[in-house]
Every structure is written in structure tokens, then in C-alpha cells.
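Novice:
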Amino acid sequence: KNQVEQSPQSLIILEGKNCTLQCNYTVSPFSNLRWYKQDTGRGPVSLTIMTFSENTKSNGRYTATLDADTKQSSLHITASQLSDSASYICVVSATDSWGKLQFGAGTQVVVTP
Amino acid sequence: DGGITQSPKYLFRKEGQNVTLSCEQNLNHDAMYWYRQDPGQGLRLIYYSQIVNDFQKGDIAEGYSVSREKKESFPLTVTSAQKNPTAFYLCASRSTGGHYISNQPQHFGDGTRLSIL
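Protein chains in written order, with my numbering: chain Y, 565 to 677; chain D, 157 to 273.
(1) Taking DSSP as the reference, what is the three-state secondary structure of S223(D)?
(2) Cβ of Y203(D) less than 9 Å from any chain Y Cβ?
(3) Helix, strand or coil for S229(D)? Go by DSSP, reduced to three states.
(4) Verify whether the separation of the beta carbon atoms of C583(Y) and Q570(Y) is less than 9 Å.
(5) Is it true that the CB of S249(D) sits closer than 9 Å to the CB of M188(D)?
(6) If you follow the beta strand (DSSP E) that N623(Y) is in, where does it begin and where does it stop?
(7) Just reading off the beta strand (DSSP E) that K718(Y) is part of, what are its end residues?
(8) Can you give me the Cβ contacts of I272(D) inside the same chain, cut-off strictly under 7 Å, excluding the 5 residues immediately before and after it?
(9) Curious, which full-length beta strand (DSSP E) runs of at least 3 residues does the stretch 179 to 215 of chain D contain?
(10) Following a CB-centred definition, is S610(Y) positioned closer than 8 Å to any heavy atom of the ligand GDP?
(11) Could you tell me whether any Cβ in chain Y is nearer than 9 Å to the Cβ of G253(D)?
(12) Let me confirm a value: K601(Y) is counted as buried when at least 16 other C-beta atoms fall within 10 Å, else exposed. Which label applies?
(13) Return helix, strand or coil for S592(Y), following the three-state DSSP convention.
(14) Note down, in chain order, all residues in the stretch 567 to 590 of chain Y with a beta-carbon under 7 Å from any beta-carbon belonging to chain D.
(15) Would you kindly check if the distance between the Cβ of Q573(Y) and the Cβ of Q672(Y) is under 9 Å?
(16) Quick one: what's F264(D) bridged to in DSSP?
(17) Kindly indicate which residue of G159(D), H185(D), F244(D) has the alpha-carbon position closest to the one of V609(Y).
(18) Check distances from the C-beta atoms of the stretch 604 to 625 of chain Y to those of chain A and list, in chain order, the residues that come in under 8 Å.
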């Protein structure tokens, strides 16, 4: 069973609107959680990282939240732009000797004009 | 510009053929990784290397082989034993400096898409 589950699988939003993506994880012991953005045919690029003690982290129009007690994270996109169309991947790292990553399957976001 | 270069971008494999995917980085990172990405699934780890001349199997190493003769290079060979090689392959690297390696981001290349002829 995947230790990182993302929802929804995909969503379509109008340009200028906001949206929120969800990530639930069971990875333990928890080290940190990152959100990556992956454009079609490209490699993932890190947007934010949060450790156990952090609740919120922003990067421009992207705001990530973390609830380490419930093992949930969200990524909020504000005032979406066409360039936000991509897959957003939640990645959780365990506290081990080499920081193995567990990847969610991603949420495919399509922003339409 | 520092980064990771994967080549080729597209690759086709014939039945019974081995093919090699190239991954080069100029970020001076010690650790390098190979992942496989299939539709609807998270990235899965094939092999990783934390230092030159050393590498370890990941979760789905069967049918693949790697080498790490230079710090900058971590090529992946998809052998004929890999019966379902069609996928998007991503190479990544990471610094092992700092207190926690897990807090260092993995930097990804732009991938190689492998298909069967």
C-alpha cells in the first residue's frame, strides 16, 4: 500500500480561481514533506518543504500546510494561472540514514482560460 | 548553469536489446538516484548511489543495472530481462552535506521516455 495518498487525482479550474490539493501519509518516522511541481515531459521541481514543527510554508501563490498529528498536508494555489497546469506531487521523507523518499501519485491540475 | 542532464529524451528498445540511459550532473552532489514513473503511480526507486564506486538496489531493481565510476555520472542500463520497460525514467541528485540528508532537496533531470518497438 502506498504510504502517500493524494486527492483528487485530477481537477480542472478556471484561470484566476483558487484550489486546494490534499496529501495524506503514513510514513514513519517522519522527517519532512515536500510539494513538487512537474510540468508535462519535465522533471519535478521542489515548491516547498516542511518539517515536523512547521504548519505553513508559502512560495509565491503556493501555500502548503502540514498537520503532523493527523499526517495530512495541503497545497493551496491562489489566483491560478495557465502556467500552473501541471502535476503536483507530495513527497514524504523518513528519518533514516539516507532520507528515502515516498512519492504520491500526484494531482493533475488543468487551468483553463 | 548547474543541473542534471539526461539523454536521450526519447529512446526505443527492440526485443532482447539492452539500452543505456545517460545521467550527468554538475552540482557536485554525492548522491544520485534513478526513478521510474508510470501513469497513475508515484515515482519508484530503481537504484541509488551515495558515493562513487558504490550503489544500492532500490525497490524495483530487477532488470536494471547501474555504474558509478565518476561523481558526475550515473548511467542506467535497461536490460532485456526487464519485460515491461516502457516508462518515463527520472534521474536525481542530492547533496549529502548538512546535518540531515533528508532535508536536502533532490534535483531532477528532465527524464528519458523509453518505449518498446
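For each residue, glycine too, the CB sits at the ideal point set by N, CA and C.
Specialist: A quick look at the data gives this:
(1) coil
(2) no
(3) strand
(4) no
(5) yes
(6) 620 to 623
(7) Lying outside 565 to 677, the shown extent of chain Y, residue 718(Y) is not represented and no answer is given.
(8) R169, P241, T242
(9) 187 to 193, 200 to 207, 210 to 213
(10) Absent from the structure shown: the ligand GDP. Ligands present: none.
(11) no
(12) buried
(13) coil
(14) V568
(15) yes
(16) A248(D)
(17) G159(D)
(18) You won't find chain A in this structure, because its protein chains are Y and D.
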